[in-house]
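Trainee: Structure below; questions to follow.
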Amino acid sequence: MDRESFLADTLHYLTKVLETVAGEEEAEAFFSTVGSDVGHIIYNQYASQLEKECPNGEILPDVLIDLEKRVGGAFRLIEKDENRIVLENSACPFGEKVQGTRSVCMMTSNIFGHVTSNCKGYAKVNLEKTIARGDGLCRVSVSFNDDATPGLEYFADD
Numbered sequence: 001m002d003r004e005s006f007l008a009d010t011l012h013y014l015t016k017v018l019e020t021v022a023g024e025e026e027a028e029a030f031f032s033t034v035g036s037d038v039g040h041i042i043y044n045q046y047a048s049q050l051e052k053e054c055p056n057g058e059i060l061p062d063v064l065i066d067l068e069k070r071v072g073g074a075f076r077l078i079e080k081d082e083n084r085i086v087l088e089n090s091a092c093p094f095g096e097k098v099q100g101t102r103s104v105c106m107m108t109s110n111i112f113g114h115v116t117s118n119c120k121g122y123a124k125v126n127l128e129k130t131i132a133r134g135d136g137l138c139r140v141s142v143s144f145n146d147d148a149t150p151g152l153e154y155f156a157d158d
């Protein structure tokens, strides 16, 4: 066993216990809180590297893809217009053990939501498909306006 396997196993079993003991909704709330904190850190790191408050709309998808790539994800841009972006992922940053622990997907939702809302003022993230649910890939849409699409809403930190 190497460090990465150990950490993946630990996360998997912690998540399973949390979902079993507290319930899936409470586990999602827990991961939302952690994802929010991590999202703030990531946003601040990218903003300081780019020497401005946030990545502009043109490079925002690249920033989201880059940050996931750095942690082991394999996202790619599927669709982009002035109202939203859609990304797909073929490799979960948490590894193969993510199967059946869907609450951990709140990390992705919150990180994408916080980075995007701080750049655009608002974001709505919809986890259309996830590897953790057994879909075989993740498909995440990030809207920049409050439209009728489902999803979790995120607002800029003021």
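Position one of the sequence shown corresponds to residue 1 (full-length UniProt numbering), numbered consecutively onward.
Every residue gets a Cβ at the ideal spot worked out from N, C-alpha and C, and that includes glycine.
Taking Cβ positions, are S141 and R70 nearer each other than 8 angstroms?
Mentor: No, Cβ-Cβ distance for S141 and R70 is not below 8 angstroms.
Trainee: Just to confirm my understanding: we take V86, look at its own chain, exclude 5 residues before and 5 after, and list those with CB closer than 6 angstroms. What are they?
Mentor: Only I78, E79, S141 meet the Cβ criterion.
Trainee: Going by beta carbon distance, what residues of the same chain come within less than 8 angstroms of V38, once the five residues before and after it are set aside?
Mentor: Correct list, in chain order: M107, N110, I111.
Trainee: At 3 residues or longer, what runs of the beta strand (DSSP E) sit wholly inside the UniProt domain "Metanogen output" (15-142)?
Mentor: If we require 3 residues or more, the beta strand (DSSP E) runs fully inside the UniProt domain "Metanogen output" (15-142) come out as 75-80, 84-89, 122-129.
Trainee: Please confirm whether K97 and D9 have their CB atoms less than 8 angstroms apart.
Mentor: Closer than 8 angstroms, so yes.
Trainee: If you reduce the DSSP assignment to three classes, tell me which class F144 lands in.
Mentor: Note: F144 maps to coil in three-state DSSP.
Trainee: Once you ignore the five residues that flank K129 on each side, which residues in its own chain have a CB closer than 7 angstroms to its CB?
Mentor: Around K129: D135, L137, C138, R139.
Trainee: Below 8 angstroms between beta carbons: does that hold for A132 and T101?
Mentor: Yes. Within cutoff.
Trainee: Taking the alpha-carbon positions, what's the K16 to C105 distance?
Mentor: Roughly 13 angstroms between the two C-alpha positions.
Trainee: Which partner residues does Y154 have in the DSSP bridge list?
Mentor: Looking at the DSSP assignment, Y154 forms a beta bridge with A123.
Trainee: Taking V115 and G151 to be in contact with their CB atoms under 8 angstroms, please state how far apart those CB atoms are, rounded to whole angstroms.
Mentor: V115 to G151, Cβ: 15 angstroms. No contact.
Trainee: Return the CA-CA distance between A148 and A123, expressed in angstroms with no decimal places.
Mentor: Straight-line Cα distance between these residues: approximately 13 angstroms.
Trainee: DSSP state of D2, grouped into three classes?
Mentor: Coil at D2, not helix or strand.
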